[in-house]
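In the working numbering, the protein residues as written are 20 to 497.
Note that the Cβ used here is the ideal one computed from N, Cα and C, for glycine as well.
What you are looking at is a predicted structure, and each value in this text was computed from that prediction instead of being measured.
Accompanying notes for the structure given below.
Next comes the structure, spelled out in structure tokens:
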């Protein structure tokens, strides 16, 4: 029988062992750094700092202090395996600092370099971001300076969390442009873009001696207008430049000739991968395409613009869309229920193994294309005498109506009627394509995207204000 006193002894011993284990020191390593960083904020204000820190292992339960003379600075964790702090540039504090890192009873002491003779690096200037919203290209102008630097890096900070989401490898010192890779930026966020000139040895923080850090804000919240309407009339184009659905004359709207001729059929797309839509025509009698690649709304010949022969046949109907999610529109044709899409974007028909051959719809249907589900690739669709069949999941096959348990969209007589001409566009700017019809000079657009006609107060009606009977409709972000 175990006595009460013996139980107390056992419990006390176990508690003592646990306490001994809990206070055991974990060996800690510390790699200190100390460099000068000259920062220009997005508002143009400038601050010249000394950055002191250490990369520690383990991070958990490790603390660190930087000491120089009578000055002691507690280093704060940045959640990235580093403890650091900064102070305004002071020429009296450029000598080595002692970093003391502690974990339990284990202590590691190390010294930083000194920064005597390190002059402030000047900033890059004229930082500009252009191109697509989520993979923009940064450009900048380098300073003329005798202060040395060994590399350039681009860093991206999520402004909401303060976390680093991307840092480039060291770029050559003559670099003046950099395109962010995909998957770095997310929609509807605000970022701090930093272009950093650095004098450094190696690729770690410990190797940095000097840095200039030029910062600009960048938003991925789309402020682009929704798609606007337009018409093609026997070689003439009339495009609603301000997107209000009202014809306000050639001084306000885009109206031009010289791109296409009577009998051509219009198409539009962002042929260059930008945010704007450019025009194009299919000469359906011959199967020839003419595409305004440079977006100046003029025909500049086959070198500057696109001439594609052999993609289509007499009687085909033109379509355009981003068939593979590359953010660049490509051509295609619809032929009695068959689709032939230029998947690789070279303007040539390369057969069904390289390009896309789909069966969706039937003879006499009218084709449309758009990102019905809000994704990047465009899906196909057809309009049949007041009914729409849209490839919602984008797999190029008919998978049945959603209301019958299928995956695609069927809009039965809810938007448009026999004799209407179909159009598709992101009318409200939310990133999803929606249906619309053109009826002898009048437009009806499904503005809220529910696939039903909800009247002119909810949806959009342009009564004879943009186009006339006999015109062919187009839509885009002009």
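Can you tell which of the options has the C-alpha that lies nearest to the C-alpha of residue i?
| i | options | result |
| --- | --- | --- |
| residue 176 | 327, 482, 167 and 186 | 186 |
| residue 257 | 478, 278 and 59 | 278 |
| residue 119 | 73, 469, 479 and 496 | 73 |
| residue 216 | 390, 132, 203 and 189 | 189 |
| residue 255 | 458, 82, 178 and 282 | 282 |
| residue 88 | 95, 100, 114 and 66 | 114 |
| residue 370 | 402, 426, 330 and 220 | 330 |
| residue 112 | 82, 123, 133 and 418 | 133 |
| residue 76 | 58, 314 and 45 | 45 |
| residue 48 | 312, 160, 121 and 308 | 121 |
| residue 131 | 352, 103 and 123 | 103 |
| residue 501 | 153, 183, 147 and 220 | With the chain running from 20 to 497 in the structure shown, residue 501 is simply not present. |
| residue 105 | 325, 383, 246 and 70 | 70 |
| residue 159 | 198, 384 and 253 | 198 |
| residue 66 | 299, 246, 322 and 234 | 234 |
Pop quiz: residue i and residue j are said to be a contact at Cβ under 8 Å. What is the actual Cβ separation, rounded to whole angstroms?
| i | j | result |
| --- | --- | --- |
| residue 346 | residue 395 | 7 Å |
| residue 196 | residue 156 | 6 Å |
| residue 260 | residue 497 | 5 Å |
| residue 173 | residue 141 | That pair is no contact at about 18 Å. |
| residue 213 | residue 232 | 6 Å |
| residue 409 | residue 424 | Going by Cβ atoms, the distance from residue 409 to residue 424 rounds to 16 Å, so no, they are not a contact pair. |
| residue 442 | residue 492 | 5 Å |
What does the alpha-carbon distance come out to for the pair residue i and residue j?
| i | j | result |
| --- | --- | --- |
| residue 162 | residue 273 | 41 Å |
| residue 93 | residue 135 | 23 Å |
| residue 486 | residue 366 | 30 Å |
| residue 85 | residue 117 | 6 Å |
| residue 373 | residue 422 | 34 Å |
| residue 263 | residue 489 | 22 Å |
| residue 237 | residue 343 | 27 Å |
| residue 482 | residue 205 | 39 Å |
| residue 33 | residue 95 | Model confidence at residue 33 stands at a pLDDT of 39, short of 50, so the residue's coordinates are unreliable; what they give is reported in the following sentence. Approximately 36 Å between the Cα atoms of the pair. |
| residue 40 | residue 53 | In this prediction, residue 40 scores a pLDDT of 40, lower than 50, which makes its location untrustworthy; the coordinate-derived value is nonetheless stated afterwards. Whole-angstrom Cα-Cα distance: 35 Å. |
| residue 149 | residue 79 | 41 Å |
| residue 126 | residue 56 | 29 Å |
| residue 341 | residue 145 | 33 Å |
| residue 275 | residue 361 | 28 Å |
| residue 42 | residue 50 | Bear in mind that a pLDDT of 47 at residue 42, under 50, signals an unreliable position, so the number given afterwards is only what the model happens to contain. Taking the straight line from one Cα to the other gives about 24 Å. |
| residue 226 | residue 168 | 12 Å |
| residue 445 | residue 280 | 28 Å |
| residue 307 | residue 474 | 40 Å |
| residue 494 | residue 248 | 5 Å |
| residue 476 | residue 452 | 20 Å |
| residue 210 | residue 184 | 9 Å |
| residue 375 | residue 82 | 60 Å |
| residue 356 | residue 379 | 6 Å |
| residue 229 | residue 128 | 23 Å |
| residue 178 | residue 250 | 43 Å |
| residue 426 | residue 414 | 10 Å |
| residue 25 | residue 123 | Residue confidence is low: residue 25 scores 36 on pLDDT, short of 50, so the model does not pin down where it sits. No coordinate-derived value is stated. |
| residue 416 | residue 296 | 27 Å |
| residue 353 | residue 154 | 32 Å |
Over what stretch of residues does the beta strand (DSSP E) that includes residue i continue unbroken?
| i | result |
| --- | --- |
| residue 371 | Taken as a continuous stretch (DSSP letters only), residue 371 belongs to no beta strand (DSSP E), as it is neither H nor E. |
| residue 235 | 227–238 |
| residue 442 | 440–444 |
| residue 494 | 491–495 |
| residue 480 | 479–481 |
| residue 121 | 117–122 |
| residue 89 | Premise fails: residue 89 is in no beta strand (DSSP E) and is neither H nor E. |
| residue 108 | Here residue 108 belongs to no beta strand (DSSP E), and DSSP marks it neither H nor E. |
| residue 186 | 183–186 |
| residue 256 | 255–258 |
| residue 248 | 247–252 |
| residue 142 | Unbroken run through residue 142: none, as it is neither H nor E. |
| residue 131 | Where residue 131 is concerned, there is no enclosing beta strand (DSSP E), given that its DSSP letter is neither H nor E. |
| residue 274 | 273–276 |
Per DSSP, which one or two residues make a beta bridge with residue i?
| i | result |
| --- | --- |
| residue 215 | 172 and 232 |
| residue 101 | 74 |
| residue 50 | 74 |
| residue 285 | 300 |
| residue 351 | 338 and 360 |
| residue 455 | 442 and 464 |
| residue 502 | Not covered by the structure: residue 502. The range shown for the chain is 20 to 497. |
| residue 147 | 158 |
| residue 395 | In DSSP, residue 395 forms no bridge with anything. |
| residue 407 | 402 and 430 |
| residue 376 | 359 |
| residue 125 | 122 |
| residue 389 | 398 |
| residue 83 | 120 |
Please report the residue range of the alpha helix (DSSP H) in which residue i lies.
| i | result |
| --- | --- |
| residue 321 | 320–323 |
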